[in-house]
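Asks:
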Amino acid sequence: MTELQYKETVVFERPTALTPTQTTYCPGCTHGVAHRLIAEVIDEMGIRDDTIGVAPVGCAVFAYRFFDVDFVEAAHGRAPAMATGIKRSLPDRFVFTYQGDGDLVSIGMAEITHAAARGENITVIFINNANYGMTGGQMAPTTLPGQKTTSSPTGRDVELAGYPIQMAELIASIQGTSYVVRRSLHDARNIRQAKKAIRTAFEVQKRGLGFAMVELLSTCPTNWHLTPPDAMNWLKENMLPVYPLGDYKIHDAVKSAGI
Amino acid sequence: MPAKGKIVVNDFYCKACGLCVSVCPTQVIQLAPERLNVRGYHPAEQFQDGCIACATCAMVCPDAAITVYRLTPVAEQEA
Amino acid sequence: MTKELIKGNIAFAEAAIRAGLQAYFGYPITPQTEALEWMSGRMPELGRAFVQAESELGAINMVYGSACTGARTMTSSSSPGISLMQEGLSYIATSEVPVVVVNVMRGGPGLGNIAPAQSDYNQAVHGGGHGDYSPIVLAPANIQELIDITYESFDLAEKYRCIVMIAIDGSMGQMMEPAELPPFREIKKEHPAWAIVGAKGRKPNLICSLNIDEVEHEKVNLRLLARWNQIRKNEVRFKEYYLDDADFAVVGFGTAGRIALSAVRAAREKGIKVGLFRPVTLAPFPEKQIEALAARMKGLLVVEMNTGQMLDDVMRFGKDLSPVRFYGRPGGVIPLPEEILREIEALATETIPADIHPRDLWFDRLTAELGLTYEAA
């Protein structure tokens, strides 16, 4: 008998910008994917020492535990205001907010909109999973028409509860923004594209080109009452039609910077 | 001939969500049926040969629990 | 340095700049808007941070973020705006980052009006935001004192890693007086060890008001209290006028104290031995001094531009030692020196019933004088 000897080459490993901590997210929740992508970008750009994160209120309230960078914890929805204060006092640091849809689209609508309008040179990672996860799956501004949640038990009635807010489109319409895109985390190909967008958003900040937001469609298997693989499919089939993926704003300065 | 690879799942992080199992193109990952990690999950594991080091599992893993290796033959040896 | 005629709102803004202010975030609201306007010109020309925020919520959270970097940071607003900021102030207090806030109080409650008032005393001194915390609250009574207090407030905030609130009112914000501005201090170059500046060469820092483990958060509460006890011990400030030989004392802060001083002088001319005790720190409150004052006096008159908020604190420490009388004008009305003089004269001649709260007695007097009738309690 002969047996081949193999050389092992690592082609993929856990990024060092993540702390060696098990996250508080439910099994299969793509918050963890988004975290990993941000950490990979921090590693690749070598900016761990210069990066400051702003955590939201929501499922990602403990985000500061999972990144090996300086962090602050904002009040619900106020992360872009807090990031503004940090960035204005430390213009040469990388400042990013990490916010869910309750935080960013509902209670924090004023803060995100005006940070965008001012063209704050920050990076916003926005997780859209169509419900309030941490409080147990209530209706969010992003909940789909007809979608059942614990506070829309018969499905979101648009006559009573209005329509989902398409945040990437809305923020992209603001003149002060530089890079606004929507990506999804429902399969490996889309996750790779999400990573590229996050990298671009940080590169925009590095070059001082202004406000960048990456909206990430994300799953919530627990509150959707689906298995993690089924949640991926549900996102694909139900969220993509309401939240089309795409580049909603790429400022000429970003294009000409070649990033 | 497809690349040869292997994955190592870090039990500490794995929550047995099964996403890696569902996306593996060669179906070489399972949730360990007889084994629990400290959190009480049956962690994912590569249970048979056939990994092609595509890293699709690692890409969808929400817990950054998977390390992917490419295996390249270096020498023949008598067993 | 020479004195110049300077408006209150601009005086505290420029004093803060000279104290080494690195970042200002605010929102326009009468009667403090001149401060924001001043900052909008001065801060950028000095290469420092200024943002006119989308709201007071935005402003206070920008303040929070900036203060987390260790930068000298402040905001200013007026009563309704300060109410909006309470969320952020609670987080800031819990996070133990130094911040200076100026409240140019106006008539409340509600939208109220833009006239001077002191009706945010309780909000400032006894809470405001949720949870157990106490900011240092300073109440100057003239422009020079406002300048001096603002100049020093950043040192206080940094020493105790706490909120310093400077409580003035619309009249002081708007009035002009000759005053001397202090010299420019150098901008700080070092960041404190706790600051959020990027984790170069160390483990990450975290600034956070969340402790999901209640036992840990209890410790935070106790740490805040321990620091507050230090502040209570070290930072009580007050001013005394004509009290050496006095039989009676007026107690009033800020503009009410200043108006009362005119009344005290007029009463002295009439031969009444009366003085003025003016708390400068509303928090920490001069408890021992009020107690000692009450023990020495035949009667106290508390004067405020509200319905008797500080009165309750004076009563707490002085009521068993001396009769207490109250006079207040709420809702933006400024008491005239003649009104206070009349109250001093009554204090010196009338017996104060021991079994009726001074607020109730005052309510009946004032409503009778104003010709107002309300359903009896």
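Chains D, F and A are the protein sequences, given in the same order.
Quick note: the first sequence uses this note's numbering, first residue 10, plus one each step.
Quick note: the second sequence uses this note's numbering, first residue 16, plus one each step.
Quick note: the third sequence uses this note's numbering, first residue 798, plus one each step.
Cβ coordinates follow ideal geometry from the N, Cα and C atoms, glycine included.
Remember, it's a predicted structure, so these values are computed and weren't measured experimentally.
Quick check on T41 (chain F) - is its C-beta less than 9 Å from some C-beta in chain D?
Replies: Against the second sequence, residue 41 (chain F) aligns to sequence position 26. For T41 (chain F), the answer is no, since every Cβ of chain D falls outside 9 Å of its Cβ.
Asks: State the CB to CB distance for the pair G885 (chain A) and A84 (chain D), rounded to an integer number of angstroms; the pair is presumed to be in contact (CB under 8 Å).
Replies: Looking up residue 885 (chain A) in the third sequence gives position 88. Looking up residue 84 (chain D) in the first sequence gives position 75. With a Cβ gap of about 6 Å, G885 (chain A) and A84 (chain D) count as contacting.
Asks: If you draw a straight line from the alpha carbon of F1074 (chain A) to that of A1089 (chain A), how long is it in whole angstroms?
Replies: Mapped onto the third sequence, residue 1074 (chain A) falls at position 277. Mapped onto the third sequence, residue 1089 (chain A) falls at position 292. The straight-line gap from Cα to Cα measures roughly 11 Å.
Asks: Going by the CB atoms, is the gap between S98 (chain D) and A1174 (chain A) shorter than 9 Å?
Replies: Counting from one through the third sequence, the residue named residue 1174 (chain A) turns up at place 377. Counting from one through the first sequence, the residue named residue 98 (chain D) turns up at place 89. It is not a contact, given that the beta carbons lie outside the stated cut-off.
Asks: Report the residues of the region 59-73 of chain F with a CB closer than 9 Å to any CB of chain D, ordered along the chain.
Replies: A68, C69, A70, T71, C72 and A73
Asks: Check this for me: beta carbons of A177 (chain D) and R216 (chain D), under 9 Å apart or not?
Replies: As a working mapping, residue 177 (chain D) is identified with position 168 in the first sequence. As a working mapping, residue 216 (chain D) is identified with position 207 in the first sequence. Cβ atoms of A177 (chain D) and R216 (chain D): not closer than 9 Å.
Asks: N900 (chain A) by DSSP, collapsed to three states: which one?
Replies: Sequence index remark: in the third sequence, residue 900 (chain A) carries index 103 (1-based). Strand.
Asks: Could you name the residues of chain A that E212 (chain D) contacts, counting a contact when the two beta carbons are closer than 7 Å?
Replies: Looking up residue 212 (chain D) in the first sequence gives position 203. What E212 (chain D) touches in chain A: nothing, since even the nearest Cβ is about 18 Å away.
Asks: Nearest to R999 (chain A) by alpha carbon, out of D:D52, D:Y252 and D:D59?
Replies: Indexing the third sequence from 1 puts residue 999 (chain A) at position 202. Residue D:D59 is the option with its Cα nearest to R999 (chain A).
Asks: Which two residues bound the contiguous beta strand (DSSP E) that contains E974 (chain A)?
Replies: The sequence position of residue 974 (chain A) within the third sequence is 177, counting from 1. First-last of the beta strand (DSSP E) with E974 (chain A): M973 to A976.
Asks: Do D1110 (chain A) and F1082 (chain A) have their C-beta atoms within less than 9 Å of each other?
Replies: By 1-based counting over the third sequence, the position of residue 1110 (chain A) is 313. By 1-based counting over the third sequence, the position of residue 1082 (chain A) is 285. Yes; because the gap between Cβ atoms is below 9 Å, this pair is in contact.
Asks: Using a Cβ cut-off of 9 Å (strictly closer), state whether E168 (chain D) contacts chain F.
Replies: Against the first sequence, residue 168 (chain D) aligns to sequence position 159. Answer no: the Cβ-Cβ gap between E168 (chain D) and chain F never drops below 9 Å.
Asks: Between the alpha carbons of H988 (chain A) and E893 (chain A), how many angstroms are there, rounded?
Replies: The residue labelled residue 988 (chain A) in the question sits at position 191 within the third sequence. The residue labelled residue 893 (chain A) in the question sits at position 96 within the third sequence. So the two alpha carbons sit approximately 15 Å from each other.
Asks: By the three-class DSSP mapping on this structure, what secondary structure does M241 (chain D) have?
Replies: Taking the first sequence and counting its residues from 1, the one referred to as residue 241 (chain D) is at position 232. If DSSP states are grouped into helix, strand and coil, M241 (chain D) belongs with the helices.
Asks: By the DSSP assignment, the alpha helix (DSSP H) with L1058 (chain A) in it spans what residues?
Replies: Here the question's residue 1058 (chain A) lines up with position 261 in the third sequence. Run containing L1058 (chain A): G1051 to E1066, per the alpha helix (DSSP H) assignment.
Asks: Using a Cβ-Cβ cut-off of less than 8 Å, give me the residues of the region 959-978 of chain A that come near chain D, in sequence order.
Replies: none
Asks: Apart from the five residues on each side of it in sequence, which residues of its chain come closer than 6 Å, Cβ to Cβ, to A810 (chain A)?
Replies: Numbered from its first residue, the third sequence carries residue 810 (chain A) at position 13. Only A832, W835 and M836 meet the Cβ criterion.
Asks: Just checking my contact of K1095 (chain A) with F1045 (chain A) at CB under 8 Å: how many whole Å lie between their CB atoms?
Replies: Position 298 of the third sequence, counting from 1, holds the residue named residue 1095 (chain A). Position 248 of the third sequence, counting from 1, holds the residue named residue 1045 (chain A). Between F1045 (chain A) and K1095 (chain A) the Cβ distance is about 6 Å, and since that is below 8 Å, they are a contact.
Asks: Which residues, in chain order, does the region 858-879 of chain A contribute to contact with chain D at a C-beta distance below 9 Å?
Replies: N858, M859, V860, Y861, G862, S863, A864, C865, T866, G867, A868 and T870
Asks: Taking the beta strand (DSSP E) that I259 (chain D) falls in, what are its first and last residues?
Replies: Indexing the first sequence from 1 puts residue 259 (chain D) at position 250. Unbroken beta strand (DSSP E) run through I259 (chain D): G255 to I259.
Asks: What's the gap between the Cα of Q915 (chain A) and the Cα of I1056 (chain A)?
Replies: Numbered from its first residue, the third sequence carries residue 915 (chain A) at position 118. Numbered from its first residue, the third sequence carries residue 1056 (chain A) at position 259. Roughly 13 Å between the two C-alpha positions.
Asks: Check the Cβ of E884 (chain A) against every Cβ in chain D and list those closer than 7 Å, keeping chain order.
Replies: Taking the first residue of the third sequence as position 1, residue 884 (chain A) is located at position 87. Those within 7 Å of E884 (chain A) in chain D are A84.
Asks: When the Cα atoms are used, what is the spatial distance from P29 (chain D) to F75 (chain D)?
Replies: Stepping through the first sequence from its first residue, residue 29 (chain D) is reached at position 20. Stepping through the first sequence from its first residue, residue 75 (chain D) is reached at position 66. Whole-angstrom Cα-Cα distance: 8 Å.
Asks: How is R958 (chain A) classed by DSSP in three states: helix, strand or coil?
Replies: Numbered from 1 along the third sequence, position 161 holds the residue referred to as residue 958 (chain A). R958 (chain A) falls in the coil class under three-state DSSP.
Asks: From the beta carbon of V89 (chain F), is the nearest beta carbon of chain D less than 9 Å away?
Replies: Numbered from 1 along the second sequence, position 74 holds the residue referred to as residue 89 (chain F). Answer yes: the Cβ-Cβ gap between V89 (chain F) and chain D drops below 9 Å somewhere.
Asks: Out of D:L194, D:H40, D:I259 and D:M241, which has the shortest C-alpha to C-alpha gap to Y107 (chain D)?
Replies: The residue given as residue 107 (chain D) occupies position 98 in the first sequence. Per the Cα distances, D:H40.
Asks: How would you list, in chain order, the residues of chain D whose beta-carbon sits under 7 Å from the beta-carbon of F822 (chain A)?
Replies: On the third sequence, residue 822 (chain A) is found 25 positions in, with the first residue counted as 1. Neighbours of F822 (chain A) on chain D, chain order: G94.
Asks: Closest to E49 (chain F) by C-alpha separation, out of F:F62, F:V38 and F:P40, would be which residue?
Replies: Position 34 of the second sequence, counted from the start, is the residue given in the question as residue 49 (chain F). Considering only alpha carbons, the answer is F:F62.
Asks: Within the continuous alpha helix (DSSP H) that includes R1093 (chain A), where are the two ends?
Replies: The residue you call residue 1093 (chain A) lines up with position 296 of the third sequence. First-last of the alpha helix (DSSP H) with R1093 (chain A): E1084 to R1093.
Asks: Per DSSP, which residues does T870 (chain A) bridge with? Please list them.
Replies: Here the question's residue 870 (chain A) lines up with position 73 in the third sequence. As a beta-bridge residue in DSSP terms, T870 (chain A) pairs with A:A820.
Asks: Could you please give me the residues that DSSP links to Y1038 (chain A) through a beta bridge?
Replies: Looking up residue 1038 (chain A) in the third sequence gives position 241. Beta-bridge pairing links Y1038 (chain A) to A:L1073.
Asks: Please check the pair C35 (chain F) and C76 (chain F), which I expect to be a contact at CB under 8 Å, by giving their CB distance rounded to whole angstroms.
Replies: Against the second sequence, residue 35 (chain F) aligns to sequence position 20. Against the second sequence, residue 76 (chain F) aligns to sequence position 61. The Cβ separation is near 6 Å, so the contact holds.
Asks: Just how far apart, CA to CA, sit Y28 (chain F) and T32 (chain D)?
Replies: Mapped onto the second sequence, residue 28 (chain F) falls at position 13. Mapped onto the first sequence, residue 32 (chain D) falls at position 23. Those two C-alpha atoms are separated by around 8 Å.
Asks: Below 9 Å between beta carbons is the criterion; list the residues of the region 120-140 of chain D that meet it against any residue of chain F, in chain order.
Replies: none
Asks: Where does the unbroken beta strand (DSSP E) through R74 (chain D) begin, and where does it stop?
Replies: If you number the first sequence from 1, residue 74 (chain D) lands on position 65. First-last for R74 (chain D): A72 to F75, but that is the alpha helix (DSSP H), not the beta strand (DSSP E).
Asks: Could you confirm whether any beta carbon from chain F is found closer than 9 Å to the beta carbon of R201 (chain D)?
Replies: For the purposes of this step, residue 201 (chain D) is taken as residue 192 along the first sequence, with counting starting at 1. Taking Cβ atoms only, chain F reaches closer than 9 Å to R201 (chain D), which makes this a yes.
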